[in-house]
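In the working numbering, the protein residues as written are 7 to 126.
Here a beta-carbon is modelled for each residue, glycine too, at the ideal position from N, C-alpha and C.
What follows is the structure, given as structure tokens:
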């Protein structure tokens, strides 16, 4: 996993890159949050869809809900960039649409849109 730090309109954003599907489970998420918040003083995170394990996109696993709760608890903003049109689950699509209306998580296919949302 690699973390790049970007300055977007005066806002520090961490972009996390890594092997596909390597963000697995809440232990790894908590370690990532701890590193970003306490070591790097970053509250905005950009992740690419492919980096997240597929279990996130299956609402039955609870991974999406736990991740959203963790980001809410630490007052972090998360933008996920990727193609979400191929998702089969109508419930997940509805969850993503609802999430995009809030201030914690944003899902988009365009990296520039994600960065603009994180900087806002």
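- The alpha-carbon separation between residue 61 and residue 40 amounts to approximately 22 Å.
- Between residue 22 and residue 7, the C-beta spacing is below 8 Å.
- In this structure, 80 is the residue among 80, 55, 11 with its C-alpha nearest to the C-alpha of residue 37.
- In the displayed model, residue 13 falls within a strand according to three-state DSSP.
- Put simply, the backbone Cα of residue 72 is about 22 Å away from that of residue 89.
- The alpha-carbon of residue 51 is positioned some 6 Å away from that of residue 85.
- For residue 25, the secondary structure class from DSSP, reduced to helix, strand or coil, is coil.
- In the DSSP assignment, residue 110 falls outside any alpha helix (DSSP H), carrying neither H nor E.
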